[in-house]
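**Q** In my numbering, the protein residues as written are 50 to 199.
Here is the structure:
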């Protein structure tokens with residue numbers, strides 16, 4: 050079931066962007082053989098929709114302020130920590146090449162300001178790829194997710 054659920058959640062983002070209703074999406078997944086418990090599927094649908102609606106909202110929070118609940122998606126997923134921050138990392142391997150954008154997740158047990166989680170992203174890059182730190186041009190906070198209890 051975990052693989053099936055992950056596959057369905059990945060498809061939910063595209064369906065939401067296309068304007069598909071929740072019940073229509075569930076029916077389509079049932080036909081495709083990717084159905085699981087309806088209650089769980091609807092909870093996942095709500096979580097994915099909230100993430101999509103609040104995607105990019107954290108960019109407009111001041112760097113020294115804690116994000117308000119209105120700019121954070123509330124999900125019922127089993128995250129390892131209470132908060133997950135998504136940052137966009139812009140890098141360039143050579144000066145004449147275009148900028149490559151990737152995303153990284155920063156997990157935390159406490160709420161962080163954009164300045165704090167962007168600094169943690171820099172530290173993570175320094176630890177994991179010390180030779181490539183010079184290629185990073187910018188790190189921007191992109192979205193925030195908070196785990197809530199069911």
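Where is the CB? At the ideal position from N, CA and C, for every residue including glycine. The structure displayed is predicted, hence computed values, not measured ones.
1) Is it a yes or a no for the stretch 78 to 92 touching the stretch 101 to 119, going by three-plus beta-carbon pairs under 8 Å?
2) Alpha carbon to alpha carbon, how far is residue 222 from residue 130?
3) Quick check: the Cα distance between residue 100 and residue 193, rounded to an integer number of angstroms?
4) Would you give the residue range spanned by the beta strand (DSSP E) that residue 121 belongs to?
5) Which value, in whole angstroms, describes the spacing of the CA atoms of residue 188 and residue 155?
6) May I ask you to report which of helix, strand or coil DSSP gives residue 177?
7) To the nearest angstrom, how far is it from the Cα of residue 200 to the Cα of residue 145?
8) Less than 7 Å separating the beta-carbons of residue 186 and residue 153?
9) In this structure, does DSSP put residue 104 in helix, strand or coil?
**A** Once the coordinates are examined:
1) no
2) Residue 222 falls outside the range modelled here, since the chain spans only 50 to 199, and no answer is possible.
3) 8 Å
4) No beta strand (DSSP E) contains residue 121, which DSSP labels as neither H nor E.
5) 12 Å
6) helix
7) Because the chain is modelled from 50 through 199, residue 200 falls outside the range shown and cannot be assessed.
8) no
9) coil
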